[in-house]
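Undergrad: My questions all concern the structure below.
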Amino acid sequence: MFTFHAFPCLPFELRQRIWELSMGPREVAVGRELARRLRTLPPPVLHACAESRSHLQRRYTKTFATGTPPRFSLVNFDIDTIYCSQGELEEFESDVPLIRWLIIESVDPDTFYYKFGHPLSDANALETLTILHIQPGIIHDEWWLEWDDIMEGWYFRDDPVRFYTRIIYPDHPATIEINPDNYLKVERDWRRKRVAEAPEDFGTDYEVSDSDDDVCAPGRSRTGWRHVDGCNCPSRRTS
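Numbering (my numbering), first residue to last: -2 to 236.
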């Protein structure tokens, strides 16, 4: 390993800046369930030397306390991604407003939106939410249907949530991703495929729009919304 012997001779402010740039983003697994499977190492820069620790320890917060080792996690909310299970997210609800990047393992889409839809919607710091759809022993192509209502609730509205959601099925061979940019098209393509495979199940006048932007096309499973005179939509409010 290369050693920069002149480092101690650099100006103090420059050394501090170098220590700051040496901080790297980490994926921090929190909670008892994930801690048994995934080990998150402490930030290496805090163990480089006394100077680095003294300067950078204020950037890290002791949080996500549990009753078993590790009893807490050291997190830099400016750069770290928090990784937890759906079952334990509720225990850390007070920490959610601080999180910018969040990964959640979910085994129960039916209760996810009911429990966490509003708390996550109000998480002002959250920038990216990644949901890992976990269904051990079950692989099916229409898994995304379980998340369609959640995407509608967050994004099919005049005031969509601020963060970007990625829903991924890690065990699916196609590794398809559902996100705000494609969830309407995925649902529409699925309906188009159903009509082609079993036209007798649909009326003769049933249509599927070819437009990615036409969210109010005939036959849509959800009713589109439109602004009307005097409506109280958030973007139309004057105060």
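Where is the CB? At the ideal position from N, CA and C, for every residue including glycine.
#1: Pop quiz: L129 and I101 are said to be a contact at Cβ under 8 Å. What is the actual Cβ separation, rounded to whole angstroms?
#2: Since S103 is in the beta strand (DSSP E), which residue starts that stretch and which ends it?
#3: Is C46 helix, strand or coil when you go by DSSP?
#4: Can you look up I108 in the DSSP assignment and give me helix, strand or coil?
#5: Which class does L53 belong to by DSSP, given the choice of helix, strand or coil?
#6: Between the Cα of I96 and the Cα atoms of W141, Y166, V27, which residue gives the shortest distance?
#7: Starting from I131, trace the alpha helix (DSSP H) in both directions and tell me its first and last residue.
#8: In this structure, does DSSP put I173 in helix, strand or coil?
#9: Between the C-alpha atoms of R29 and S82, what's the straight-line distance to the nearest angstrom?
#10: Going by CA-CA distance only, name the one from E184, T162, V183, H169 that's closest to P177.
#11: Let me check understanding here. Comparing Cα to Cα, which of E90, P40, F109, A47 lies closest to T267?
#12: The beta strand (DSSP E) spanning R163 covers which residue range?
#13: Closest by CA to H137, which one among P157, I173, A122, L71?
#14: Closest to N121 by CA distance: which of I131, V42, V93 is it?
#15: Taking DSSP's pairing of strands, which residues face E24 in a bridge?
#16: If you reduce the DSSP assignment to three classes, tell me which class V183 lands in.
#17: Near T60, what residues of its chain come up, given a Cβ to Cβ distance below 7 Å and the 5 sequence neighbours on each side ignored?
#18: Could you give the first and the last residue of the continuous alpha helix (DSSP H) run that contains L11?
#19: Go through its chain and collect everything with a Cβ distance to V104's Cβ below 6 Å, but skip five positions before and after it.
#20: Per DSSP, what are the beta-bridge partners of V192 in this structure?
#21: Give me the Cα-Cα distance between T127 and I164, rounded to the nearest whole angstrom.
#22: Compare the beta carbon distance of P106 and W144 with 7 Å and say whether it is the shorter of the two.
TA: Per the coordinate set shown:
#1: Stepping through the sequence shown from its first residue, residue 129 is reached at position 132. Stepping through the sequence shown from its first residue, residue 101 is reached at position 104. Correct: roughly 7 Å between the Cβ atoms.
#2: Position 106 of the sequence shown, counting from 1, holds the residue named residue 103. First-last of the beta strand (DSSP E) with S103: 98 to 103.
#3: Translated into the one-based positions of the sequence shown, residue 46 becomes position 49. Shown here, C46 sits in coil according to DSSP, grouped into three states, outside any helix or strand.
#4: Taking the first residue of the sequence shown as 1, we reach residue 108 at position 111. With the sequence shown as reference, residue 108 is identified as Thr, and Ile is not the correct amino acid for it. Three-state result, T108: helix.
#5: Numbered from its first residue, the sequence shown carries residue 53 at position 56. The answer is helix: DSSP assigns L53 an H, G or I state.
#6: For this step, residue 96 is matched to residue 99 along the sequence shown. For I96, the nearest C-alpha among the options comes from V27.
#7: Numbered from its first residue, the sequence shown carries residue 131 at position 134. It is not in any alpha helix (DSSP H) - I131 carries neither H nor E in the DSSP assignment.
#8: Counted from its first residue, the sequence shown places residue 173 at position 176. Correct three-state label for I173: coil.
#9: Looking up residue 29 in the sequence shown gives position 32. Looking up residue 82 in the sequence shown gives position 85. Spanning the two alpha carbons is a distance of roughly 9 Å.
#10: Residue numbering aside, residue 177 sits at position 180 when the sequence shown is read from its first letter. The shortest Cα separation from P177 among E184, T162, V183, H169 belongs to T162.
#11: A question about residue 267 goes unanswered here, because the residues of the chain that appear run from -2 up to 236.
#12: Counting from one through the sequence shown, the residue named residue 163 turns up at place 166. Where R163 is concerned, the enclosing beta strand (DSSP E) stretches over 161 to 165.
#13: In the sequence shown, counting from the first residue as 1, residue 137 sits at position 140. Comparing Cα-Cα distances from H137 to each of P157, I173, A122, L71, the minimum goes to I173.
#14: To locate residue 121, count along the sequence shown from 1; it is residue 124. The candidate whose alpha carbon is nearest that of N121 is V93.
#15: As a position in the sequence shown, residue 24 is number 27, starting the count at 1. Paired residue(s): T78.
#16: The count along the sequence shown starts at 1 and reaches residue 183 at position 186. Residue state, collapsed to three classes: helix.
#17: In the sequence shown, the residue the question calls residue 60 occupies position 63. Contacts found: F69, S70, V72, D92.
#18: The sequence position of residue 11 within the sequence shown is 14, counting from 1. Unbroken alpha helix (DSSP H) run through L11: 9 to 18.
#19: Translated into the one-based positions of the sequence shown, residue 104 becomes position 107. Closer than 6 Å at Cβ, skipping near neighbours: I131.
#20: Within the sequence shown, the letter at position 195 stands for residue 192. Paired residues: none, contrary to the question.
#21: Within the sequence shown, residue 127 is the residue found at index 130, counting from 1. Within the sequence shown, residue 164 is the residue found at index 167, counting from 1. Between T127 and I164, the C-alpha separation is close to 6 Å.
#22: Numbered from its first residue, the sequence shown carries residue 106 at position 109. Numbered from its first residue, the sequence shown carries residue 144 at position 147. For P106 and W144, yes; Cβs fall inside 7 Å.
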